[in-house]
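Read the structure below first, then the notes.
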Amino acid sequence: MYAVKIPDFEESYETEEERVRAVAKINAMLKVHSTLSDEMMAMGKFAVVIYRVEDFIGKVKLAAREQGYASWNGSVKYFDPDTFHGGFKGIESVFRKRDAYSYQNECRFVFGSHEPEGAKVIQVGALDGIAIKIPTNKFNEKFEMKLAE
25 MYAVKIPDFE ESYETEEERV RAVAKINAML KVHSTLSDEM MAMGKFAVVI
75 YRVEDFIGKV KLAAREQGYA SWNGSVKYFD PDTFHGGFKG IESVFRKRDA
125 YSYQNECRFV FGSHEPEGAK VIQVGALDGI AIKIPTNKFN EKFEMKLAE
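So for the sequence shown, my numbering puts the first residue at 25; every next one is plus one.
What follows is the structure, encoded as structure tokens:
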């Protein structure tokens, strides 16, 4: 899953004019960070925008637990294979990728079970009120993040 990651930011203002400028600056930054690249546009015809992230994570973890799977989730961390000369231990290794894939900005779920290898399906239920589906080719023009005023 692609994750929109917004850098930490802090703005302060004393006048209405400064507030308007601060909001415009933040909204411009949000637009930059929530715009899908051409590589991401090519990954499929539809995007599912999860806007209640903690609720979604909770649904996935609950469904996994109910089906007897251990689960882990988190952002993938990217490394430069030319300069990294170490290793990753245990579950940490599945949350690491070469930096050639950093454009994916991936968030990942990992599941463990005692069943034989192969495809597994985890039914998490309806995503109403948690996510929306949008055609990928319309994402950049239709999806907008901005500071609530």
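All C-beta atoms in this analysis are idealised placements derived from N, C-alpha and C, irrespective of residue type, glycine included.
In this text the structure is predicted, and so the values were computed from the model without any measurement.
Excluding the five sequence neighbours on either side, which residues of its own chain have a C-beta within less than 6 Å of the C-beta of residue i, listed in chain order?
i: TYR102; result: LYS121, ASP123 and SER126
What separation, rounded to the nearest whole angstrom, lies between the Cα atoms of residue i and residue j?
i: ARG132; j: ILE158; result: 21 Å
i: PHE167; j: THR39; result: 30 Å
i: GLY136; j: TYR26; result: 22 Å
i: ALA73; j: PRO140; result: One point to set straight first is that residue 73 is Val, not Ala, in the sequence displayed. One C-alpha to the other measures close to 32 Å.
i: GLN91; j: GLY82; result: 14 Å
i: ARG89; j: ASP62; result: 36 Å
i: LEU54; j: ASP32; result: 11 Å
Grab me the residues of residue i's own chain with a C-beta within less than 8 Å of its C-beta, minus the 5 sequence neighbours each way, in chain order.
i: ARG43; result: TYR37
i: THR59; result: ASN164
Let me check one thing: in DSSP terms, what residues is residue i bridge-paired to?
i: TYR26; result: GLU130
i: ALA66; result: Per DSSP, none; premise fails for ALA66.
i: ALA71; result: ILE158
For the alpha helix (DSSP H) that residue i lies in, which residues bound it at each end?
i: ALA52; result: 40-57
By Cβ distance, which residues of its chain are closer than 7 Å to residue i, with the 5 residues on each side in sequence left out?
i: TRP96; result: ILE115 and VAL134
Where do the ends of the beta strand (DSSP E) carrying residue i lie?
i: LYS162; result: Where LYS162 is concerned, there is no enclosing beta strand (DSSP E), given that its DSSP letter is neither H nor E.
- [ ] Entirely within the segment 84-149 and at least 3 residues each: give me those beta strand (DSSP E) ranges in chain order.
- [x] 94-99, 101-103, 120-122 and 131-136
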